[in-house]
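Just so you know, we're using this note's numbering here: the sequence shown kicks off at 383 and counts up by one.
Beta carbons: idealized from backbone N, C-alpha and C, even for Gly.
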Amino acid sequence: MVRLHNRTHTSHIGSEFSSLDIMVELYFDVMDITPQNFSSLDRDYFIISKGHAAPALYDVLFRRGFITKDAFESYGKEGSQLAEHPKREVFGVDTATGSLGHGLSIAAGMAYSLKYSNMKGKVYCLLSDGECQEGSTIEAANFAGRMKLDNLIAVIDNNRLQGYERTSNIQNIASVKNKFEASSWSVSEMNGHDFQDMRSKFLNTPFKTGEPSLLIANTLKGKGVLEMEDKLEWHYKSPSDVEVENFIKQLGGST
Ligand SMILES: [Mg+2]
Numbered sequence: 383m384v385r386l387h388n389r390t391h392t393s394h395i396g397s398e399f400s401s402l403d404i405m406v407e408l409y410f411d412v413m414d415i416t417p418q419n420f421s422s423l424d425r426d427y428f429i430i431s432k433g434h435a436a437p438a439l440y441d442v443l444f445r446r447g448f449i450t451k452d453a454f455e456s457y458g459k460e461g462s463q464l465a466e467h468p469k470r471e472v473f474g475v476d477t478a479t480g481s482l483g484h485g486l487s488i489a490a491g492m493a494y495s496l497k498y499s500n501m502k503g504k505v506y507c508l509l510s511d512g513e514c515q516e517g518s519t520i521e522a523a524n525f526a527g528r529m530k531l532d533n534l535i536a537v538i539d540n541n542r543l544q545g546y547e548r549t550s551n552i553q554n555i556a557s558v559k560n561k562f563e564a565s566s567w568s569v570s571e572m573n574g575h576d577f578q579d580m581r582s583k584f585l586n587t588p589f590k591t592g593e594p595s596l597l598i599a600n601t602l603k604g605k606g607v608l609e610m611e612d613k614l615e616w617h618y619k620s621p622s623d624v625e626v627e628n629f630i631k632q633l634g635g636s637t
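So this is what it looks like as structure tokens:
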């Protein structure tokens, strides 16, 4: 991702790094979703409501065998299906997202359909902390609670930063928690960079029969690169030619 964004300058790399571990845990350990069963309806579903972190999803889809290395590396090139925000033409992507505040509504609709078709699949929806300020997110939470969608698991990437601000300057995460609980969701927290913690929380869902589950994942924007961690500017910045080598080294990769 460091190299991709150095080439394309279409970065939301800070948000990709805060949410990458969550997607790795889901795709490699938790969800029943593979290249083999993706074309079937009888599986789990993943909606990346924070569509601006799509390159992190593409990386996971590549490493999980959904898309080829060539396809992954075509990101941002003319003619590539892999755009800055995801679309359904990419094998492994269930829905196009990027306009914030829509993903939980889509996920709730899918969970409703699965539940009342007596299908066992679960729907996982990754939200940003900032998009919980969107009224549509809270409307979807109301609907999911009212319909007792205990096959719906929402995860908030609580990296505490959004486009131009500290998220808490606009809405505190405690208020988000209260709104979901008031809509009959069970809520828990986890460390979004601790795979054991995430595993135990995900495997305990639904926390309560008849209630959708919300996991507030405490994360760090730009996780893994000292210069990026918890820095607002890395919501949009892309690594420069001089930064690439240093960043990749910090992430344990080879240049
Ligand atoms: Mg955020």
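ILE552 - containing beta strand (DSSP E), residue span: Note, ILE552: premise wrong, no beta strand (DSSP E); not H, not E.
task: In angstroms with no decimal places, state the Cα-to-Cα distance between GLY592 and ASN533.
output: Using only the alpha carbons, I get a separation of about 9 Å.
field: Three or more C-beta pairs below 8 Å linking the stretch 390–399 and the stretch 614–621
entry: Yes, since at least three Cβ pairs between the stretch 390–399 and the stretch 614–621 fall closer than 8 Å, the two stretches touch.
Secondary structure of ILE404, DSSP reduced to three states: Helix.
- request: Anything with a beta carbon under 6 Å from a heavy atom of ligand 1 counts; list them all in chain order.
  value: The filter returns SER510, ASP511, GLY512, ASN541, LEU543, GLN544, THR549, in chain order.
- prompt: At which residue ranges does the stretch 450–537 contain complete alpha helix (DSSP H) runs of 4 or more residues, listed in the order of the chain?
  reply: Segments of the alpha helix (DSSP H) lying fully in the stretch 450–537: 451–455, 485–498, 517–528.
message: Considering just the uninterrupted stretch of the beta strand (DSSP E) at ILE430, what are its terminal residues?
response: It spans 427–430 - the beta strand (DSSP E) in which ILE430 sits, taken as one unbroken run.
query: Since PHE584 contacts ALA523 with CB under 8 Å, what's their CB separation in whole angstroms?
result: Wrong, their Cβ atoms sit about 19 Å apart, outside the cutoff.
message: So, with DSSP's three-state summary, where would you put MET580?
response: MET580: helix per DSSP, three-state reduction.
message: Can you tell me whether LEU608 is helix, strand or coil according to DSSP?
response: Of the three classes helix, strand and coil, the one that applies to LEU608 here is coil, per DSSP.
- prompt: Taking three-plus beta-carbon pairs below 8 Å as touching, is the stretch 441–448 in contact with the stretch 511–529?
  reply: No, because fewer than three Cβ pairs between the stretch 441–448 and the stretch 511–529 fall closer than 8 Å, the two stretches do not touch.
field: Cβ neighbours of ARG581 in the same chain (closer than 8 Å, five flanking residues each side left out)
entry: Cβ neighbours of ARG581 beyond the five flanking positions: GLU407, ASP411, VAL412.
query: From what residue to what residue does the alpha helix (DSSP H) around VAL624 run?
result: That run of the alpha helix (DSSP H) goes 623–632.
message: Suppose you measure from the CA of ALA465 to the CA of TYR546; what does that come to, to the nearest Å?
response: If I take the Cα positions, the gap works out to 23 Å.
message: Rounded to whole angstroms, what is the Cα-Cα separation between LYS469 and VAL475?
response: So the two alpha carbons sit approximately 7 Å from each other.
message: If I measure Cβ to Cβ from ALA599 and keep anything under 7 Å in the same chain, skipping five residues before and after, which residues do I get?
response: Within the same chain, ALA599 has close Cβ partners ILE404, VAL537, ILE538, ASP539, ASN540, MET572, GLY574.
- request: State yes or no: is the C-beta of GLY512 within less than 9 Å of the C-beta of ALA478?
  value: A distance of 9 Å or more separates the beta carbons of GLY512 and ALA478.
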